[in-house]
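Engineer: Sharing a structure here in C-alpha cells format.
Number of protein chains: 2
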Amino acid sequence: METGTNIPDDLKQAVLEIIKPTVAERRNLIGIQEELATEVKAAAEKLGAPDVLVKMVGSAARGTWLSGTHDIDTFICFPEETPRKELETLGMAVAREVAKLAEYAKDCHAEHPYLNIVFKGFDVDLVPCFRVSSASHIKSAVDRTPFHNDFVKARIKGFEDEVLLLKQFMRGCGVYGSELKTQGFSGYLTELLIIHYGSFENTVRKACFWKPGERIDIMQHSKIKHDEPLVIVDPTDPKRNVAAALSLDKFCMFIDFCRDFLKSMEIKFFFPACFLPLKDKEILQRLENRRSTQLVVFFRTPDIVEDVLYPQLYKMERSVAALLMEYKFSVIKTGVWSGKNETLIMLELISGILPNVKKHIGPPIWVKEHAEKFKEKYDRAKEVFGGYIENGRYTVEIQHKYPIAKELLEKQLINCSLGKNVKHSVNEGFKIMENAEICTLKDPNFRVFLSKWL
Amino acid sequence: METGTNIPDDLKQAVLEIIKPTVAERRNLIGIQEELATEVKAAAEKLGAPDVLVKMVGSAARGTWLSGTHDIDTFICFPEETPRKELETLGMAVAREVAKLAEYAKDCHAEHPYLNIVFKGFDVDLVPCFRVSSASHIKSAVDRTPFHNDFVKARIKGFEDEVLLLKQFMRGCGVYGSELKTQGFSGYLTELLIIHYGSFENTVRKACFWKPGERIDIMQHSKIKHDEPLVIVDPTDPKRNVAAALSLDKFCMFIDFCRDFLKSMEIKFFFPACFLPLKDKEILQRLENRRSTQLVVFFRTPDIVEDVLYPQLYKMERSVAALLMEYKFSVIKTGVWSGKNETLIMLELISGILPNVKKHIGPPIWVKEHAEKFKEKYDRAKEVFGGYIENGRYTVEIQHKYPIAKELLEKQLINCSLGKNVKHSVNEGFKIMENAEICTLKDPNFRVFLSKWL
Chain A
862 METGTNIPDD
872 LKQAVLEIIK
882 PTVAERRNLI
892 GIQEELATEV
902 KAAAEKLGAP
912 DVLVKMVGSA
922 ARGTWLSGTH
932 DIDTFICFPE
942 ETPRKELETL
952 GMAVAREVAK
962 LAEYAKDCHA
972 EHPYLNIVFK
982 GFDVDLVPCF
992 RVSSASHIKS
1002 AVDRTPFHND
1012 FVKARIKGFE
1022 DEVLLLKQFM
1032 RGCGVYGSEL
1042 KTQGFSGYLT
1052 ELLIIHYGSF
1062 ENTVRKACFW
1072 KPGERIDIMQ
1082 HSKIKHDEPL
1092 VIVDPTDPKR
1102 NVAAALSLDK
1112 FCMFIDFCRD
1122 FLKSMEIKFF
1132 FPACFLPLKD
1142 KEILQRLENR
1152 RSTQLVVFFR
1162 TPDIVEDVLY
1172 PQLYKMERSV
1182 AALLMEYKFS
1192 VIKTGVWSGK
1202 NETLIMLELI
1212 SGILPNVKKH
1222 IGPPIWVKEH
1232 AEKFKEKYDR
1242 AKEVFGGYIE
1252 NGRYTVEIQH
1262 KYPIAKELLE
1272 KQLINCSLGK
1282 NVKHSVNEGF
1292 KIMENAEICT
1302 LKDPNFRVFL
1312 SKWL
Chain B
862 METGTNIPDD
872 LKQAVLEIIK
882 PTVAERRNLI
892 GIQEELATEV
902 KAAAEKLGAP
912 DVLVKMVGSA
922 ARGTWLSGTH
932 DIDTFICFPE
942 ETPRKELETL
952 GMAVAREVAK
962 LAEYAKDCHA
972 EHPYLNIVFK
982 GFDVDLVPCF
992 RVSSASHIKS
1002 AVDRTPFHND
1012 FVKARIKGFE
1022 DEVLLLKQFM
1032 RGCGVYGSEL
1042 KTQGFSGYLT
1052 ELLIIHYGSF
1062 ENTVRKACFW
1072 KPGERIDIMQ
1082 HSKIKHDEPL
1092 VIVDPTDPKR
1102 NVAAALSLDK
1112 FCMFIDFCRD
1122 FLKSMEIKFF
1132 FPACFLPLKD
1142 KEILQRLENR
1152 RSTQLVVFFR
1162 TPDIVEDVLY
1172 PQLYKMERSV
1182 AALLMEYKFS
1192 VIKTGVWSGK
1202 NETLIMLELI
1212 SGILPNVKKH
1222 IGPPIWVKEH
1232 AEKFKEKYDR
1242 AKEVFGGYIE
1252 NGRYTVEIQH
1262 KYPIAKELLE
1272 KQLINCSLGK
1282 NVKHSVNEGF
1292 KIMENAEICT
1302 LKDPNFRVFL
1312 SKWL
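Which chain is which? The protein sequence lines are A and B, in order.
The first sequence: position 131 = 992 (the working numbering), numbered continuously.
The second sequence: position 380 = 1241 (the working numbering), numbered continuously.
Quick look at the structure:
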C-alpha cells in the first residue's frame, strides 16, 4: 500500500541540494550561452549568412539541467526557403568558424551533419536547422527542437525543481535517457509530465496506476492511435508520440519504482548504492550457486556511436537466443554489455549440453500428404533412433546436430542475422566463453554488470 | 504411393494357411461346443431352471477365430423377468455344476459374476445373462453379446477368411484387442468392418484415408455424436459406438500400417519379426548413444486383472510425468511395463539434473493488485537469486526445490494422484532407478520392451 502522506519537503530539499545548479554554476552557463550566441552570429555575418538566427535549446536553456552536466544545444536556424545543400555547407561552415575557438571539435551526422565541440569546458552541439512556421511542417527532425523549447519555456517557470526531482528519480531508476541504449524517458518527456501532472509527487502517484496504452494529450489535438506503451502526444506536433522510444520494460520499471518509493520515501531512490565489481572468487561462488550454464559471445567493440551500436547489439542478442532455442536449448535470460574495447552478449541456459536424442514431432497421420512426406523423409534419414505415433502424430527420435551449445555458437554464429557493423566485427573474430572462463574478462565495468547478472 | 494392384491371392493364401483353423480343429471345436451346450442344459434342468437357453457366441461360434486360440464364450440365457439376484445365484450354480467336469475353474466378476473354466483344453467363459427382446433394452452389458452374435452370423457367411486376414493384420500392427491395456480393435469391430467394406483389401484401402471422426453406420439408424476417433454405430443398438475403446494412437497406427502395407505387400506385416531381449551390454551402449536420462519407477505388480490394472498404470504414467513437468523437467517420453511380479513406469528426460536457479514469471506490472502481491511474496522469500522485469512482467530467479529428478520422485511420488490398487502397492514400497541401474532388471519381457524403448 502506498502511504497517503506527502513526500516530505526536507527529502526534496536534500535531493535538490545535490542536483540543482548553484547560482555561480547558473551564471557561468548563461555567460557561456551568450558568448556562443555572439560568436555564431558573428561567424554567420562573416560568411555571408546574416539572416541566420541563433537559438539556445535543451535543458540548459530552460533551467532544467542537472548540476554537473555541461551540455549546451545551440541551433543555427536558416530561413525555411534555404536549399538543403546550402543549409548543410553554410551551416557547417558557420559551426566550424565558431569551433576555431573550441578546445575540441568533431563532425557528427544524424539526419544532417552537425558539429560537436568542447567550448570552455562545455559539451556543445552546433546544429544547423530550418526555421519553419510550425513543428508539423518541419523539413528535418532537428527543426522540431526549437518548438519544444518554446513550448516548455512558456510553461515551466516555477516548476524547474519538480523537473529536476523527476529527472534524478528516473536516473535512480535507470530509465532516464531516450538514447537507443537506454530506451527510457527523454528530458523533454519529463518536462511534459510535470506540465501535465503539475508536480513530481503527482507524477509519481499517477504513474503507479499506468497501464500500457496510457495516453496524455496536453493540447487535446490528436486522435491518432499509437502502439507504444506510453503515448504523450507532442504538443507541437499532433502526429508524434514523444514517448515513442520508451520500451515496455522501462515503462514498467518506472511504474514499479514509483510504487516502491511511495512505500518508503528514502533518498536512496534518487541515489542508489553502486554495485561493486565482482572478484574472481565471487564469480566462481555465484556460478556454483546457480549451477546453470553461462555463455559469453565476445568480440571487439565496433567503432560507432552508441545509437547505432546498441540496436545492433539488441538484434544480435535476439538472434543468438533464437539460434539456441532453434536447437532446443532452454534460455533463461540474455543480456548485452559493451565497453570501450570489448563487447559481449551474455546468455544463461538451463544447460549447455543436451542429450544426443531429440524428439521431433511431425504432422497428424490423417493429413495424408504431409504425413507421407514426413514419413518418407525420416525412413531414409540416417541417425534416427526410432519413431512412434503420439497424440495422432508421427514422432521421431533423431540425433541432435549440436548437443553442445558452445559448439553450436562457434559453428553457426556467423549465420545469425546481424547488423552491419557488428557483423563486420564478429567476422574479424569472436570467442565463446563458458562459465568459469568468464573470469578472464577483467574490465571492472563488466564486473559491475556481472554483479547484477549473477 | 500405394500401388493400384490387388493384394496377391497367394499372399492371402499363405497367411490363411497359418491362421485358419484346420478341418480337424474346427470339428473338434464344434464337438466341444455341442458337449458344453448339452452339459449346461442338463445342469439347468437338474437345478430347476428348465427355461434357460444356451447360446454359443464369440468368434468360435461365428467361424472367425484364429487357429491356435481356444476361447469359447457360452452364454446361459435366463428369461427377462428373472430377478437379478436369482439370475446371479442360479446362473452361477448352473455354471459350477458344469465346472465339475472342468480341469480348472475361477470365479470372475465384470458387471455380473461369471465363471472361467478350462474344459478339455479350451478356455471357456460361462456367462449368465438376460434374454431381452432387443439390444437396446439390455439389463446388463453382457446381454448385448447374443445380439452381436446373431447380427454377425446372419451376414458373415463366405467372408470368414476376410475377417481372419484383418484380425491377423491387426495383430501384426499391434492394434488387435479392445482390452483397456491395448485400446485397439475388438473382434466384433473387425467383423463389422468386413461386413461394411466387403473385404480385407477394401478395408485396408479405405482405412488409408480415415480421419478422426470417421463414421460407419451400417443400419443407418443413428445421428448421435461421438467424440471417439472412429465411430462404428452398433447395428444392434444405435446409441452405442462399437469402437469406443479404440484410442487415437491405435487408430492412427492402423492407418499408418495400412499405407505401409499397400506400398509393399509382404507377409511380414502379418507376422512381424520378434524383438529380442536386450543384453546388459546393449542397454549400456544404447544409453550412451542417447545421452538422455532414463528413470524407472519400480514396484510390485498389484494382484488384479489387467482391465483394472492398466487404466491405473496409464493414470500413474500421466501423474508422474505431470509431477516432473511441474518441477520443470523436460519429459521426452513415458511408458508402462508390467510383468507377473514387477511393474514399472518408464520416463525419458532431457536431463535428470536442473540448475539450482529457476526462472519464475509473475504478473504484468500494470495488473496492480496481483503485481503487488507477487512482489511482496518474493521480496520476503528466502532463496531468491534476483528479480527483474521482462516483457512487462515481474520475473524472479528462485531456488529449484528439486533440481534432481530422482530425488523429486523419491520424495513426492506418494503425493501423485494414483489409482487405488497401484497406490496400495506403491505405498508398500517403490524404487527409483536411473540409467545404468536399469540393468538390475532381468525379466526378459522387460528387456524386449526396452529394445523398442531405447
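Glycine included, each C-beta is placed from N, C-alpha and C at the ideal position.
Using a Cβ-Cβ cut-off of 7 Å, state whether S1083/A counts as contacting chain B.
Structural biologist: For S1083/A, the answer is no, since every Cβ of chain B falls outside 7 Å of its Cβ.
Engineer: Given this structure, state the Cα-to-Cα distance separating K1084/B from W1198/B, to the nearest angstrom.
Structural biologist: Between K1084/B and W1198/B, the C-alpha separation is close to 39 Å.
Engineer: With the cut-off set at 7 Å, would you say E1251/A and V1218/A are in Cβ contact?
Structural biologist: Their beta carbons are not under 7 Å apart, which means E1251/A does not touch V1218/A by this criterion.
Engineer: Using 7 Å as the threshold, is the C-beta distance between C938/B and K902/B below it?
Structural biologist: No.
Engineer: Restricting to Cα atoms, I'd like to know which of S1153/A, F991/A, K1236/A is closest to P944/A.
Structural biologist: When each option's Cα is compared against that of P944/A, the closest is F991/A.
Engineer: Do the region 1131–1142 of chain B and the region 1303–1312 of chain B make contact, defined as three or more Cβ pairs closer than 8 Å?
Structural biologist: Verdict: yes, contact present.
Engineer: With 7 Å set as the bound, which would you pick, yes or no: does the beta-carbon of D871/B sit closer than that to a beta-carbon of chain A?
Structural biologist: It does not: the Cβ of D871/B has no partner Cβ on chain A nearer than 7 Å.
Engineer: Which word fits Y965/B, buried or exposed, when buried means at least 16 other C-beta atoms lie within 10 angstroms of its C-beta?
Structural biologist: Result: exposed.
Engineer: Along chain B, which residues have their Cβ under 9 Å away from the Cβ of G1253/A?
Structural biologist: Those within 9 Å of G1253/A in chain B are P1073, P1090, L1109, D1110, F1112, C1113.
Engineer: Determine, using beta carbons only, whether R1152/A comes closer than 7 Å to chain B.
Structural biologist: Yes - at least one Cβ of chain B is within 7 Å of the one on R1152/A.
Engineer: Please list, in chain order, all residues of the same chain as C1300/A whose beta carbon is under 8 Å from its beta carbon, the five residues on each side excluded.
Structural biologist: The residues are D1141, I1144, L1145.
Engineer: Just checking my contact of F1061/B with E1021/B at CB under 8 Å: how many whole Å lie between their CB atoms?
Structural biologist: No, F1061/B and E1021/B are not in contact; Cβ-Cβ is about 11 Å, not under 8 Å.
Engineer: With a cut-off of 7 Å, does the C-beta of P1216/B fall near any C-beta of chain A?
Structural biologist: By this cut-off, P1216/B is an interface position.
Engineer: Indicate whether the contact test is met: 3 or more Cβ pairs, each with one atom in the region 1280–1298 of chain A and one in the region 1149–1163 of chain A, closer than 8 Å.
Structural biologist: With a cut-off of 8 Å, the region 1149–1163 of chain A and the region 1280–1298 of chain A count as touching, because enough Cβ pairs lie within range.
Engineer: Tell me the rounded alpha-carbon separation between D968/A and Y1171/A.
Structural biologist: Taking the straight line from one Cα to the other gives about 21 Å.
Engineer: Quick check on DSSP: helix, strand or coil for N867/A?
Structural biologist: In the structure shown, N867/A sits in coil (DSSP, three-state: anything other than H, G, I, E or B).
Engineer: Counting Cβ pairs, one atom from each stretch, are 3 or more of them under 8 Å apart for the region 1210–1229 of chain A and the region 1205–1222 of chain B?
Structural biologist: Cβ pair count under 8 Å is three or more, so yes.
Engineer: On the premise that I880/A lies in contact with S928/A, defined as a C-beta separation below 8 Å, what is that separation, rounded to the nearest angstrom?
Structural biologist: Yes, S928/A and I880/A are in contact; Cβ-Cβ is about 5 Å, under 8 Å.
Engineer: Take the Cβ of E900/A as the centre, count every other Cβ of all protein chains shown within 10 Å, and call the residue buried at 16 or more, exposed below.
Structural biologist: The residue in question, E900/A, is buried, as its Cβ has 16 or more Cβ neighbours within 10 Å.
Engineer: For I1077/A, return the contacting residues in chain B, with the cut-off set at a CB-CB distance below 9 Å.
Structural biologist: Per Cβ cutoff of 9 Å: no residues; I1077/A is ~16 Å from chain B at best.
Engineer: When the Cα atoms are used, what is the spatial distance from E949/A to L1270/A?
Structural biologist: Each residue's alpha carbon lies about 45 Å from the other.
Engineer: Apart from the five residues just before and just after I1214/B, which ones in its own chain have a Cβ nearer than 7 Å to its Cβ?
Structural biologist: Contacts found: P1264, I1265.
Engineer: Give a yes or no on whether 7 Å exceeds the smallest Cβ distance from D1095/A to chain B.
Structural biologist: Not one chain B Cβ lies under 7 Å of D1095/A.
Engineer: Counting only beta-carbon separations shorter than 7 Å, does I879/B have a partner in chain A?
Structural biologist: So no, I879/B is outside the interface.
Engineer: Report the residue from Y1175/B, R923/B, F1132/B whose alpha carbon sits nearest the alpha carbon of N1006/B.
Structural biologist: A small fix is needed here, since residue 1006/B is Thr in this sequence, not Asn. That would be R923/B, whose Cα lies nearest to the Cα of T1006/B.
Engineer: Excluding the 5 residues preceding and the 5 following I1056/B in the sequence, name in chain order all residues of the same chain whose CB lies nearer than 8 Å to its CB.
Structural biologist: V1013, R1016, I1017, F1020, I1079.
Engineer: Determine the direct distance from the alpha carbon of T883/B to that of S1125/B, and round the result to whole angstroms.
Structural biologist: If you take the alpha carbons of S1125/B and T883/B, they lie about 29 Å apart.
Engineer: Please name the residue in V1065/B, G1059/B, P1090/B whose C-alpha comes closest to that of K1072/B.
Structural biologist: It is P1090/B.
Engineer: Which of helix, strand or coil does DSSP assign to T1197/A?
Structural biologist: The sequence shown places Val at residue 1197/A, not Thr. Correct three-state label for V1197/A: strand.
Engineer: Looking at the secondary structure, which residues open and close the beta strand (DSSP E) in which M1207/B lies?
Structural biologist: 1203–1210 is the extent of the beta strand (DSSP E) around M1207/B.
Engineer: Spatial neighbours of P989/B within its chain, please: CB distance less than 6 Å, with the 5 preceding and 5 following residues excluded, ordered by chain position.
Structural biologist: So the qualifying residues of the chain are I937, L948, G952.
Engineer: Which first and last residues belong to the beta strand (DSSP E) in which E942/A is found?
Structural biologist: Segment: none, E942/A is in no beta strand (DSSP E) and carries neither H nor E.
Engineer: For L1148/B, which residues from the same chain have a beta carbon less than 6 Å from its beta carbon, with the 5 sequence-adjacent residues on both sides left out?
Structural biologist: Cβ within range, chain order: N1296.
Engineer: Using a beta-carbon distance cut-off of less than 9 Å, what residues from the region 1199–1225 of chain A approach chain B?
Structural biologist: Within the region 1199–1225 of chain A, the qualifying residues are E1209, L1210, I1211, S1212, I1214, L1215, P1216, N1217, V1218, K1219, K1220, P1225.
Engineer: Residues of the region 1288–1313 of chain B in Cβ contact with chain A at a cutoff of 9 Å, in chain order, please.
Structural biologist: Result list: K1313.
Engineer: Taking 6 Å as the limit between beta carbons, can you name the residues of its chain near M1031/A, skipping five residues before and five after?
Structural biologist: Counting only Cβ-Cβ distances below 6 Å, and skipping sequence neighbours, we find Y1037, F1046.
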